[in-house]
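Down below is the structure, laid out as structure tokens.
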Amino acid sequence: MTLTRLLAVACGAGLALAVAAPASNAAPAPEVRERIVFVVPGQYLGAVPYQPLVSYLTLQGYQATALDLPGFDIDADARAIGAAVAAADAAHPDAEISLVSHSIGGTSTRHYLKNLGGADKVDTYVAFGTAQYGSPGACGQQVGAEVCPGTDFMTALNAGDDTPGDTAYYGIRSAREWADGRLDGGQCRMTPTPTAVDGGTDHFFEPVNLHVWAQVSAALDGRCEGEFVDDPDGAFTAEQTLFPNGR
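Numbers -26 to -1, 1 to 221, taken from mature numbering (1 follows the signal peptide of the UniProt record, and there is no 0), label the letters of the sequence shown in order.
Here it is in structure tokens:
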């Protein structure tokens, strides 16, 4: 069975776990909070694989939406994130806005927060499976190549404070993720999720990993289920954030 087929099966199973319950045992629908969550996808995946996570968050009372972004152009995606946040802020000026981002989506989201004024508008940033200091897998690619470690884009993104503003920053990864997702400045580093197979497979299935969902939920609730770290600017290099392999 291909990974694509496995992901489709896992999405269906995750959605069933999130929303299925016997009618006789159904709890009253939760009151919808003025808390808006945008889920930012990883490269190539689009919004569909994140619908189980969206349903899970919706059942908890969040106004959750998965953005349909390709992850090909970091700046373009960051501006699309900004447009979604601006529209939500205009429609719900008293709402708290959170961004939950997977893989390369965490990079475009952080570009929005740091360089496009997003840190003044977003309360919580949760990144899972994001190579915050760059991924060698992006090097030489036709799309998303700016995420290669050491590019002008990544160097500028990680210059100075990685966690500006009053936004709360959370990092989630599997135990064998190929990049550890560290940021300098104030960041909650969640306890790594257990490895199922290897770093690459773990990364692929993070959108439907129930352990990841639980950690996302904790972060949105303001709970650091791990360690809060406040590293000084320039505390580590891109190479130090990478594991030699994910096996």
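The C-beta atom is built at its ideal place from N, Cα and C for all residues, glycine as well.
Stretch-stretch touch, CB-based, cutoff 8 Å, three pairs: the stretch 15 to 33 with the stretch 53 to 64: In short, these stretches do not touch, since the Cβ pair count stays below three.
Boundaries of the beta strand (DSSP E) in which residue 129 is found, first to last residue: Translated into positions along the sequence shown, residue 129 becomes position 155. For residue 129, there is no enclosing beta strand (DSSP E); the enclosing alpha helix (DSSP H) has its first and last residue at 126 to 131.
Cα-Cα separation between residue 151 and residue 69, rounded to whole angstroms: In the sequence shown, the residue the question calls residue 151 occupies position 177. In the sequence shown, the residue the question calls residue 69 occupies position 95. Approximately 33 Å between the Cα atoms of the pair.
Inter-residue Cα distance where the pair is residue 6 and residue 67: Here the question's residue 6 lines up with position 32 in the sequence shown. Here the question's residue 67 lines up with position 93 in the sequence shown. With a pLDDT of 48 at residue 6, under the threshold of 50, the modelled position of that residue is not reliable, and the figure given next carries that caveat. Distance between the alpha carbons of residue 6 and residue 67: 16 Å.
Terminal residues of the beta strand (DSSP E) in which residue 98 lies: Along the sequence shown, read from residue 1 onward, the residue named residue 98 stands at position 124. Where residue 98 is concerned, the enclosing beta strand (DSSP E) stretches over 98 to 102.
Residue 113, buried or exposed, once every other Cβ within 10 Å from all chains shown has been counted against 16: As a working note, residue 113 is residue 139 in the sequence shown. It is exposed - the Cβ of residue 113 has fewer than 16 other Cβ atoms within 10 Å.
Rounded Cβ spacing between residue 186 and residue 146 (contact assumed at less than 8 Å): If you number the sequence shown from 1, residue 186 lands on position 212. If you number the sequence shown from 1, residue 146 lands on position 172. Right, the Cβ-Cβ distance comes to about 6 Å (below 8 Å), so this counts as a contact.
Burial state of residue 120, where buried means 16 or more other Cβ atoms lie within 10 Å: The residue given as residue 120 occupies position 146 in the sequence shown. Label assigned to residue 120: buried.
Residue 198 versus 167, 189 and 97, residue with shortest Cα-Cα distance: The residue labelled residue 198 in the question sits at position 224 within the sequence shown. Among 167, 189 and 97, the Cα nearest to that of residue 198 is on 189.
CB-CB length for residue 215 against residue 106, believed under 8 Å: By 1-based counting over the sequence shown, the position of residue 215 is 241. By 1-based counting over the sequence shown, the position of residue 106 is 132. Confirmed, Cβ separation roughly 7 Å.
Residues bridged to residue 70 (per DSSP): Sequence index remark: in the sequence shown, residue 70 carries index 96 (1-based). Paired residues: 9.
Span separating the alpha-carbon of residue 144 from that of residue 137: The sequence position of residue 144 within the sequence shown is 170, counting from 1. The sequence position of residue 137 within the sequence shown is 163, counting from 1. Roughly 10 Å between the two C-alpha positions.
Spatial distance of residue 35 from residue 42 (CA atoms): Here residue 35 refers to the residue found at position 61 when the sequence shown is read from its first residue. Here residue 42 refers to the residue found at position 68 when the sequence shown is read from its first residue. Computed Cα separation, rounded: 22 Å.
Residue environment, residue 171, which counts as buried when at least 16 other CB atoms sit within 10 Å: Translated into the one-based positions of the sequence shown, residue 171 becomes position 197. Under the 10 Å beta carbon count, residue 171 is surrounded by fewer than 16 other beta carbons and is classified as exposed.
For residue 202, the first and last residue of its enclosing beta strand (DSSP E): On the sequence shown, position 228 is the one that residue 202 refers to. That run of the beta strand (DSSP E) goes 200 to 205.
Beta-carbon proximity of residue 100 to residue 194, cut-off 8 Å: Numbered from 1 along the sequence shown, position 126 holds the residue referred to as residue 100. Numbered from 1 along the sequence shown, position 220 holds the residue referred to as residue 194. A contact, by the Cβ cut-off of 8 Å.
First and last residue of the uninterrupted beta strand (DSSP E) at residue 145: Taking the sequence shown and counting its residues from 1, one reaches residue 145 at position 171. It spans 142 to 146 - the beta strand (DSSP E) in which residue 145 sits, taken as one unbroken run.
Per-residue burial, residue -23 [other beta carbons within 10 Å of its own, 16 or more giving buried]: Locating residue -23 in the sequence shown gives position 4, counting from the first residue. Note that residue -23 scores 41 on pLDDT, short of 50, meaning its location in the model is unreliable and no value can be drawn from it.
Where residue -5 sits in the DSSP three-state scheme: As a first step, residue -5 is located in the sequence shown; it is residue number 22 there, counting from the start. With a pLDDT of only 40 at residue -5, under the threshold of 50, the placement of this residue in the model should not be trusted; the figure read from the coordinates follows. In this structure, residue -5 counts as coil in the three-state DSSP scheme.
As assigned by DSSP and simplified to three states, the class of residue 34: Position 60 of the sequence shown, counted from the first residue, corresponds to residue 34. Coil.
Distance, residue 210 Cα to residue 71 Cα: The count along the sequence shown starts at 1 and reaches residue 71 at position 97. The count along the sequence shown starts at 1 and reaches residue 210 at position 236. Each residue's Cα considered, the two are about 30 Å apart.
Continuous alpha helix (DSSP H) assignments of at least 4 residues falling wholly in the stretch 164 to 205: Counting whole runs of 4 or more residues, the stretch 164 to 205 contains the alpha helix (DSSP H) stretches 173 to 179 and 184 to 194.
Residue span of the alpha helix (DSSP H) that contains residue 87, given as start and end: Here the question's residue 87 lines up with position 113 in the sequence shown. Residue 87: member of the alpha helix (DSSP H) spanning 78 to 89, first to last residue.
Given residue 47 as reference, the closest of 166, 122 and 153 once Cα atoms are compared: What you label residue 47 is simply residue 73 of the sequence shown in a count that begins at 1. Checking every option, the nearest Cα to that of residue 47 belongs to 122.
Cβ neighbours of residue 88 in the same chain (closer than 6 Å, five flanking residues each side left out): For the purposes of this step, residue 88 is taken as the residue at position 114 of the sequence shown. Result list for residue 88: 138, in chain order.
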